[in-house]
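Undergrad: To start, I am sharing the structure in question, which I have written as structure tokens.
4 protein chains.
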Amino acid sequence: MKGDPRRRDLAAYPWSLTLETRFADMDVNRHLNNVAIARFFEETRIRFNWGLIARNELSQRPHYLVAHVAVDYLGEGGYPDPVTMTYAVGHIGTSSFRCLMGMFQNGGCIALCDSVLVHRGPAGPSPLPAELRTRLEAFPLAG
Amino acid sequence: MKGDPRRRDLAAYPWSLTLETRFADMDVNRHLNNVAIARFFEETRIRFNWGLIARNELSQRPHYLVAHVAVDYLGEGGYPDPVTMTYAVGHIGTSSFRCLMGMFQNGGCIALCDSVLVHRGPAGPSPLPAELRTRLEAFPLAG
Amino acid sequence: MKGDPRRRDLAAYPWSLTLETRFADMDVNRHLNNVAIARFFEETRIRFNWGLIARNELSQRPHYLVAHVAVDYLGEGGYPDPVTMTYAVGHIGTSSFRCLMGMFQNGGCIALCDSVLVHRGPAGPSPLPAELRTRLEAFPLAG
Amino acid sequence: MKGDPRRRDLAAYPWSLTLETRFADMDVNRHLNNVAIARFFEETRIRFNWGLIARNELSQRPHYLVAHVAVDYLGEGGYPDPVTMTYAVGHIGTSSFRCLMGMFQNGGCIALCDSVLVHRGPAGPSPLPAELRTRLEAFPLAG
Chain V
7 MKGDPRRRDL AAYPWSLTLE TRFADMDVNR HLNNVAIARF FEETRIRFNW
57 GLIARNELSQ RPHYLVAHVA VDYLGEGGYP DPVTMTYAVG HIGTSSFRCL
107 MGMFQNGGCI ALCDSVLVHR GPAGPSPLPA ELRTRLEAFP LAG
Chain C
7 MKGDPRRRDL AAYPWSLTLE TRFADMDVNR HLNNVAIARF FEETRIRFNW
57 GLIARNELSQ RPHYLVAHVA VDYLGEGGYP DPVTMTYAVG HIGTSSFRCL
107 MGMFQNGGCI ALCDSVLVHR GPAGPSPLPA ELRTRLEAFP LAG
Chain L
7 MKGDPRRRDL AAYPWSLTLE TRFADMDVNR HLNNVAIARF FEETRIRFNW
57 GLIARNELSQ RPHYLVAHVA VDYLGEGGYP DPVTMTYAVG HIGTSSFRCL
107 MGMFQNGGCI ALCDSVLVHR GPAGPSPLPA ELRTRLEAFP LAG
Chain E
7 MKGDPRRRDL AAYPWSLTLE TRFADMDVNR HLNNVAIARF FEETRIRFNW
57 GLIARNELSQ RPHYLVAHVA VDYLGEGGYP DPVTMTYAVG HIGTSSFRCL
107 MGMFQNGGCI ALCDSVLVHR GPAGPSPLPA ELRTRLEAFP LAG
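Residue numbers (the working numbering), protein chains in the order written: chain V, 7 to 149; chain C, 7 to 149; chain L, 7 to 149; chain E, 7 to 149.
The structure is reproduced here in structure tokens:
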């Protein structure tokens, strides 16, 4: 992740949202805790998916299993400033895709996250529906 | 708390802020968890105090011990809608005061909270400084 | 709560369990956070109820709404020492009861909690079943 | 991680501990939440390091920055059963090392985690002290 300079460039991502920080996101070191940062990436994944649903861009709500999450911690985050979370869709496979996220505060990139989401049908992993694949393809990382 | 109708009236409070909800604030019942609601009240207390400091309304930052917290749960809260948190200052004693808070979502009051904050000096509880007392007196519950 | 000396006496409670503390239970002050302490009381309530079920002492699983939680914070808690949580049943009403809890660490009482749990049927609050009432009556505070 | 069968073998790890699960570790899906699982790995890292200190195996307490965390989610975890967390030291570099962890419940491996910890001196990353390196070398993955 951190080896690709585009990943630290807020403008390279096609989707972003701002999230509030909370006092409880800090740990004894007075910075945003590493696991709290993973929590911000979870919220970002969910808000992105919820946005597709809320805008009626999908005829049915997809369900995912999170198979893999990796975070590079690049800088310290603080409270109470908000954070800007960015989202792009990376490799799209048969029944899973990779989402590429960034976390920015006061102009600097403080963390990057890659997650692999597996599309889940009634009996386990199932191929990504065509309409979902098309929507996901609309959110590549730029550059 | 819940016996006083003013407490459920958003307009009766002199101070409020909006906070985002997070997916992680829900528990297995798909509602905002009771302890997560206590977390929202903590954030509200801290943001109110931080606001006094940020606006340079106090010459020194007060430190508090939370001695008591009571919450009445009045309704179910949901995700992803934001919540409006309200704050008023109740009884002001020699070295402590009571803060009166409410939590509203989509027009309804879902929880009330009373907290007792004890002003803390280097050697334990200490009288509220005069300028702090004056500031606190400016935030009564209306009516 | 804190006015009743029995409440600070570990031996006065008919039921207790030990819980681990976690690094994440601390906040920037390097003590167990107030809301994290409320989390310990939630866990205690749930483990007590789960214990009644697990021992087949009830023919059906009761469902509760938490209507009220009040916590008195009496001392600072630390990590990584475990805590001992105590539980007793206080006043039993028609469709609700009060549970009385304590939190102890290294021999000292660091917090007390009263919660009001409302028995919930399919259509809202419903009378406590007789067998549940009988079980609850078996856990009074001593003295 | 998940490609190496040793990683799913509890017996291949030189160090382990049991941790309690909490009701609050579950999310709306009634399983241990992904971020809660990351929290268990945080606790495991900290308890391992704390153990070295507590046994006086180091003359000074090391400080680390967590630079990278990756988790493979392999199965669903539940509440209230405890989990067994395992720990081994992987590659040891000049100023950082990789820790290899596993999470097991009821005999099955539910998650794996790799973390990169950077040794931190007063002015940023600093070489691992010789005595720390020696201690870390004593915890390889078996096989």
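C-beta: ideal position from N, C-alpha, C; glycine also.
Could you please give me the residues that DSSP links to Asp-78(C) through a beta bridge?
TA: Answer by DSSP bridge pairing, in chain order: Leu-118(C) and His-74(L).
Undergrad: Whose Cβ in chain C lies nearer than 8 angstroms to the Cβ of Trp-56(V)?
TA: Neighbours of Trp-56(V) on chain C, chain order: Pro-86.
Undergrad: Between the C-alpha atoms of Phe-46(E) and Arg-28(E), what's the straight-line distance to the nearest angstrom?
TA: If I take the Cα positions, the gap works out to 11 angstroms.
Undergrad: Taking Gly-83(V) as the reference, which of Ile-43(V), Gly-130(V) and Pro-68(V) has the closest Cα?
TA: Ranking Ile-43(V), Gly-130(V) and Pro-68(V) by Cα distance to Gly-83(V) puts Ile-43(V) first.
Undergrad: With a CB to CB cut of under 6 angstroms and the five nearest residues on each side skipped, what residues in its chain are close to Asp-78(V)?
TA: Counting only Cβ-Cβ distances below 6 angstroms, and skipping sequence neighbours, we find Met-7, Lys-8 and Leu-118.
Undergrad: Kindly indicate which three-state DSSP category Pro-135(L) falls into: helix, strand or coil?
TA: If DSSP states are grouped into helix, strand and coil, Pro-135(L) belongs with coil.
Undergrad: Could you check how far apart the C-beta atoms of Ser-132(L) and Arg-126(L) are, in whole angstroms? I think they sit under 8 angstroms.
TA: Right, the Cβ-Cβ distance comes to about 7 angstroms (below 8 angstroms), so this counts as a contact.
Undergrad: So, are the CB atoms of Phe-145(V) and Val-95(V) less than 8 angstroms apart?
TA: Cβ atoms of Phe-145(V) and Val-95(V): closer than 8 angstroms.
Undergrad: Can you tell me where the alpha helix (DSSP H) holding Arg-45(L) begins and where it ends?
TA: Residues 40 to 60.
Undergrad: Which whole-angstrom value describes the C-beta separation of Ala-73(L) and Ser-101(L), a residue pair presumed to lie in contact below a C-beta threshold of 8 angstroms?
TA: Contact doesn't hold; Cβ gap of about 10 angstroms is too wide.
Undergrad: At 8 angstroms on the CB atoms, spell out the chain C contacts of Tyr-79(L), in chain order.
TA: Result: Leu-71, Val-72, Ala-73, His-74 and Val-75.
Undergrad: Applying the 10 Å Cβ sphere with the 16-neighbour rule, what's the burial state of Ile-59(V)?
TA: Counting Cβ neighbours within 10 Å, Ile-59(V) comes out exposed, since fewer than 16 surround it.
Undergrad: Going straight from the alpha carbon of Arg-36(C) to that of Ala-148(E), what length do you get?
TA: Taking the straight line joining both Cα atoms gives about 43 angstroms.
Undergrad: In or out: Asn-40(V) buried (at least 16 other Cβ within 10 Å) or exposed?
TA: Under this definition Asn-40(V) is a buried residue.
Undergrad: Any idea if Arg-61(C) is buried or exposed, counting beta-carbon neighbours within 10 angstroms, 16 or more meaning buried?
TA: Classification of Arg-61(C): exposed, given that the 10 Å Cβ count is below 16.
Undergrad: Under a three-way DSSP split, which group does Phe-103(V) fall into?
TA: Three-state result, Phe-103(V): strand.
Undergrad: What whole-angstrom Cβ distance do Met-91(E) and Leu-25(E) have, given they're in contact under 8 angstroms?
TA: Sure, about 6 angstroms apart at Cβ, within 8 angstroms.
Undergrad: Does chain E have any CB closer than 8 angstroms to the CB of Glu-26(V)?
TA: Taking Cβ atoms only, chain E never reaches closer than 8 angstroms to Glu-26(V), which makes this a no.
Undergrad: List the residues of chain V whose Cβ lies closer than 7 angstroms to the Cβ of Arg-53(E), in chain order.
TA: Result: empty, since nearest Cβ-Cβ is about 15 angstroms, beyond 7 angstroms.
Undergrad: Within this structure, are the beta carbons of Met-109(L) and Val-89(L) separated by less than 8 angstroms?
TA: In this structure, Val-89(L) lies closer than 8 angstroms to Met-109(L) by Cβ.
Undergrad: According to DSSP, Thr-92(V) sits in a beta bridge with which residue or residues?
TA: Per DSSP, Ser-22(V) and Gly-108(V).
Undergrad: Would you mind giving the Cβ-Cβ distance between Tyr-93(C) and Trp-21(C), rounded to the nearest angstrom? I have them listed as a contact below 8 angstroms.
TA: Sure, about 4 angstroms apart at Cβ, within 8 angstroms.
Undergrad: With C-beta atoms as the reference, is Gly-114(E) less than 8 angstroms away from Gly-81(E)?
TA: Result yes, Cβ atoms of Gly-114(E) and Gly-81(E) sit closer than 8 angstroms.
Undergrad: Report the three-state DSSP secondary structure of Leu-64(C) (helix, strand or coil).
TA: In this structure, Leu-64(C) counts as coil in the three-state DSSP scheme.
Undergrad: Please state whether DSSP places Leu-16(L) in a helix, a strand or coil.
TA: Looking at Leu-16(L) - three-state DSSP - the assignment turns out to be helix.
Undergrad: Please list the partners that Ala-44(E) has in chain V, where partner means a Cβ-to-Cβ separation under 9 angstroms.
TA: Within chain V, the residues near Ala-44(E) are Asn-40, Val-41, Ala-44, Arg-45, Val-75 and Val-77.
Undergrad: Are the CB atoms of Arg-53(L) and Cys-6(L) within a distance shorter than 8 angstroms?
TA: The question about residue 6(L) has no answer here: the residues shown for chain L are numbered 7 through 149.
Undergrad: Tell me the DSSP secondary structure of Arg-36(E) in three-state form.
TA: Arg-36(E) falls in the coil class under three-state DSSP.
Undergrad: Taking the DSSP output, what are the residues bridged to Leu-147(C)?
TA: Looking at the DSSP assignment, Leu-147(C) forms no beta bridge with any residue, so it has no partner.
Undergrad: Look at the Cβ atom of Glu-48(E), then the Cβ atom of Ala-30(L), and state whether they are nearer than 8 angstroms.
TA: Yes, the Cβ-Cβ distance between Glu-48(E) and Ala-30(L) is below 8 angstroms.
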